[in-house]
Structure formats: C-alpha cells, structure tokens
Amino acid sequence: MFGLGMPELLVILVIILVIFGAGKLPEIGAGLGKGIRNFKRATKGENEIDVTPQDKRVGGEKSEK
Numbered sequence: 002m003f004g005l006g007m008p009e010l011l012v013i014l015v016i017i018l019v020i021f022g023a024g025k026l027p028e029i030g031a032g033l034g035k036g037i038r039n040f041k042r043a044t045k046g047e048n049e050i051d052v053t054p055q056d057k058r059v060g061g062e063k064s065e066k
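Those letters in the sequence shown? Residues 2 to 66, by this note's numbering.
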C-alpha cells in the first residue's frame with residue numbers, strides 16, 4: 002500500500018526505540034493493541050468498549066494514599 006518493506010519497517014522501529022527507549026515499548030505496544038482491539042469491536046457494532054484504566058504500575062512506583 003505504502004511501499005513499506007522489511008528494511009523500512011526496521012528503520013522505523015529503530016527510530017521509535019531511540020525516541021521512546023526500550024522501557025516504554027511494551028507500554029506503547031499494549032496501548033496500541035488495546036486501541037486496535039477497541040476499533041475492531043466498534044466496527045463490528047458491539048456497544049461496549051473497554052476503557053478501564055490499568056491498575057498496574059510501571060517501574061515499581063508505589064501509590065501514595
């Protein structure tokens with residue numbers, strides 16, 4: 002479609018790695034996957050979309066109460 006082959010995708014991945022760092026990639030991937038899944042559900046006509054926030058903290062942060 003856009004003429005993207007394997008070398009181009011690898012260059013894009015390296016650029017993303019440099020910008021966001023390796024620690025953020027799983028978080029970005031999870032958010033992207035959740036967004037795609039919700040988009041597919043919306044196009045199928047399902048009424049409910051999961052928008053609940055994750056309770057899991059990244060990096061060992063503790064919640065202060």
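From the three backbone atoms N, C-alpha and C, an ideal C-beta is built for every residue, glycine too.
Check, Outcome
"Assuming contact is defined by CB atoms lying nearer than 9 Å, are V52 and N39 in contact in what I supplied?", "yes"
"Could you have a look at G4 and say whether DSSP puts it in helix, strand or coil?", "coil"
"Just how far apart, CA to CA, sit I17 and K25?", "10 Å"
"List the endpoints of the continuous alpha helix (DSSP H) containing T44.", "26-45"
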